[in-house]
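S.K.: Provided herewith is a single structure, encoded as structure tokens, for subsequent inquiry.
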Ligand SMILES: [Zn+2]
């Protein structure tokens, strides 16, 4: 019997190192962190935008997490100088997979060596 419904989902991977990431989870202990988030073994951090409408706030959270919660440091850094940004679209948090009909976005931030010093 051929499988009638093809599985069109893909594992969620880090845009920097291609490793499969863990499911983002609620961040404990900081009022700034409204969105589920996580980190990759390569040093990238990511936050999850479930609606594709929170972009700025989700990105800011990822940047702040990458800066160890230091807002001044986060605001003083520049993209493509101090850090790199990556996006993973069509992320489905329930499946923890990329799925064509999903609208979730993962925002990744990875600091460059010596950033913010
Ligand atoms: Zn990675």
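Numbering (my numbering), first residue to last: 1 to 117.
We treat Cβ as the ideally placed atom computed from N, Cα and C, and that holds for glycine.
The model shown is predicted, which means the values in this text are computed figures rather than measured ones.
1) Quick check: what's the CA-CA separation for residue 32 versus residue 114?
2) Pull up the distance between the alpha-carbon of residue 16 and that of residue 71, whole angstroms please.
3) Among the residues of its own chain, which have a CB less than 7 angstroms from the CB of residue 41, if the five just before and after it don't count?
4) Using only alpha-carbon positions, find the residue among 102, 8 and 62 that is nearest to residue 108.
5) Where does the unbroken beta strand (DSSP E) through residue 70 begin, and where does it stop?
M.R.: Considering the structure as presented:
1) 25 angstroms
2) 24 angstroms
3) Apart from sequence neighbours up to five positions away, the residues of its chain that approach residue 41 with a beta-carbon distance below 7 angstroms are 19, ordered along the chain.
4) 62
5) No beta strand (DSSP E) holds residue 70; DSSP gives it neither H nor E.
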